[in-house]
RNA sequence: GCCCCGGUAGCUCAGCUGGAUAGAGCAACGGAUUUCUAAUCCGUAGGUCACAGGUUCAAAUCCUGUCCGGGGUACCA
């Protein structure tokens, strides 16, 4: 039944019968018509091996007997393509299949494989910014993509509540506290200055009074708790929940970090110099060695990260995905290298890197600096925009491209806003289906072979591609690709809708066939949108 | 200096595991509205795919170099 495998079988048959050994061909969908639905480059690729012109090879293939003539016919075209013309009947069957399988169409059965997706992983030193937002949305959608493809997915948030940054945070919070009660305590150098700390300081005064000393644990613990609960609320409001929160501190407590150090030392992959412990990365193909433990005795981020990843590998996941910002581009290879040194498996670790986000407001780019509290928080976006819009805008660009978040466009509730294009297609269908049931009450047998118009076949063809598309999306872990596909589906539907009347009491059979096509379209849109975590309203 | 990402229509970007005439949205212009929801559709116009070499039957796509933009390059995370 799978179209691609039939086409591949056809070519394979030809090769086998002519005793040709060859594997390196592909079959791709044609977006423009004129050359059939799919084409293969097999003849072009065989030119050298067979020492014949590509077009004559293509003609020979095309004239070979075709056991799948119910599904496709063939043609050859210059300079040597083998074209597959798919029978409408195939697409009719696909529409039928979509309608039978509904929300399971294109969905993979459980693989019995586990996947772990780590994302956000931001230390509780301040509110989430739009930069984290991109990562949060990306990670959530990647998780959904894996679930859809049969993985058991756990979403993990890794953070450090014990490091230097947290100490600075506590000092900054004390400074705010002291300032609130009239003491002249300066904000620490490189400290945090955001307004959110004022709120927290006030809460501390409320709850614990004005007599706390600067070294009171409350400043650290209370602040962390407050900020972390805000982070969770923010994530919650855009529909993101984590299964596991892992603290960096636990790897100190359970000795994992000491073990890493010991093992590297035993393998002579680390050494001491200037009071610090160095990772001998230069002997592993890197340009220079990296510090694992500072001369102060504190580890760099590298060491716990290695221990943490070793732990993830040991937990036995079949797939480990790390979603990182562009600032990790240079650093994650060190972690992978560390794992290899510990003889850990690493080829099942996939790293998704995304570029940074800027906010565009009134046509101008808002420059952001985290420490100076000159940033746009995710909450601010949340206050102004629906989670659908936020989700959609964060994947409007591929992860590897810089993202200008156009606030004015996002707020625009007109047709200029591309997110509505998808939702509108679904709303149109919903309304039409309701209307159909009101206007046509006669029972009619379903006969999809009445779908012959170009717009109908083009739409059905696109819908049939959904499972292939999801496989592609799985390979690259790139939600944008799915969004692009859904835009194509919506466009094909709007076009069909504009050119053809679905409800026609004069032609009940055709009405029914078209209704079925609409239902299939709705299924695809809803399946796709659910993976993106975007709602599919019935009315707009 | 080194590393990563980007440079495609006036603007924002798809396309990039090489394939046949490079796509979409916005903006511009012209049409469709007694509508199955016009948040839509149809049409016109708009391109040396940054530049230069190379590989190939075939390059926006791969390789090398150059230019421009963004980011990274800590005993910060």
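Numbering (the working numbering), first residue to last: 9 to 548. Each residue gets a CB set at the ideal place from its N, CA and C atoms; glycine is no exception. Here the structure is a predicted model, which means the values were calculated and not measured.
Going by beta carbon distance, what residues of the same chain come within less than 8 angstroms of residue i, once the five residues before and after it are set aside?
i	result
residue 117	158
residue 286	278, 279, 280, 297, 298, 299 and 300
residue 551	Past the edges of the chain, shown from 9 to 548, lies residue 551, and the structure says nothing about it.
residue 188	206, 209, 210 and 213
residue 290	296 and 297
For the alpha helix (DSSP H) containing residue i, name the first residue and the last one.
i	result
residue 52	50 to 58
residue 317	310 to 322
residue 550	There is no way to answer for residue 550, as the model of the chain reaches only from 9 to 548.
residue 523	516 to 540
residue 102	96 to 109
residue 295	Neither: residue 295 is in no alpha helix (DSSP H) and is coded neither H nor E.
Given that a residue counts as buried once 16 or more other Cβ atoms are within 10 Å of its Cβ, and exposed if not, what is residue i?
i	result
residue 514	exposed
residue 310	buried
residue 532	buried
residue 62	buried
residue 228	buried
residue 320	buried
residue 47	buried
residue 150	buried
residue 378	Summary for residue 378: the model assigns pLDDT 49, below 50, so the residue's position carries little reliability; its value from the coordinates is reported in the next sentence. Residue 378 should be labelled exposed.
residue 98	buried
residue 305	exposed
residue 452	exposed
residue 191	exposed
residue 337	exposed
residue 238	buried
Cβ of residue i within 8 angstroms of Cβ of residue j?
i	j	result
residue 94	residue 80	yes
residue 487	residue 540	yes
residue 126	residue 330	yes
residue 85	residue 43	yes
residue 240	residue 169	no
residue 100	residue 457	yes
residue 410	residue 363	yes
residue 161	residue 143	no
residue 454	residue 521	yes
Between which residues of its own chain and residue i is the CB-CB distance below 7 angstroms, once the five residues before and five after are set aside?
i	result
residue 401	413 and 418
residue 119	158 and 159
residue 265	259, 307, 311, 312 and 315
residue 284	299, 301, 302 and 303
residue 467	500, 501, 504, 525 and 529
residue 559	With the chain covering only 9 through 548, there is no way to say anything about residue 559.
What's the gap between the Cα of residue i and the Cα of residue j?
i	j	result
residue 350	residue 258	19 angstroms
residue 58	residue 140	55 angstroms
residue 471	residue 530	10 angstroms
residue 201	residue 180	7 angstroms
residue 108	residue 114	12 angstroms
residue 253	residue 528	39 angstroms
residue 482	residue 153	6 angstroms
residue 25	residue 524	42 angstroms
residue 32	residue 177	58 angstroms
residue 292	residue 269	17 angstroms
residue 28	residue 477	31 angstroms
residue 538	residue 64	48 angstroms
residue 534	residue 326	29 angstroms
residue 96	residue 104	13 angstroms
residue 19	residue 354	37 angstroms
residue 219	residue 175	20 angstroms
residue 434	residue 543	10 angstroms
residue 589	residue 273	In the structure as shown, the chain starts at 9 and stops at 548, and residue 589 therefore has no counterpart that could be examined.
residue 224	residue 131	21 angstroms
residue 393	residue 536	21 angstroms
residue 390	residue 204	16 angstroms
residue 163	residue 92	43 angstroms
residue 50	residue 16	10 angstroms
residue 55	residue 333	45 angstroms
residue 449	residue 474	32 angstroms
residue 134	residue 216	22 angstroms
residue 492	residue 545	19 angstroms
residue 38	residue 45	5 angstroms
Got a sec? Which residues, its chain only, sit under 6 angstroms from residue i by beta carbon, not counting five neighbours each side?
i	result
residue 430	494 and 498
residue 102	472
residue 551	As shown, the chain starts at 9 and ends at 548. That puts residue 551 outside it, with no answer to give.
For the beta strand (DSSP E) that residue i lies in, which residues bound it at each end?
i	result
residue 3	Past the boundaries of the shown model lies residue 3; the chain is included only from 9 to 548, so the question cannot be answered.
residue 361	357 to 362
residue 411	411 to 414
residue 82	80 to 85
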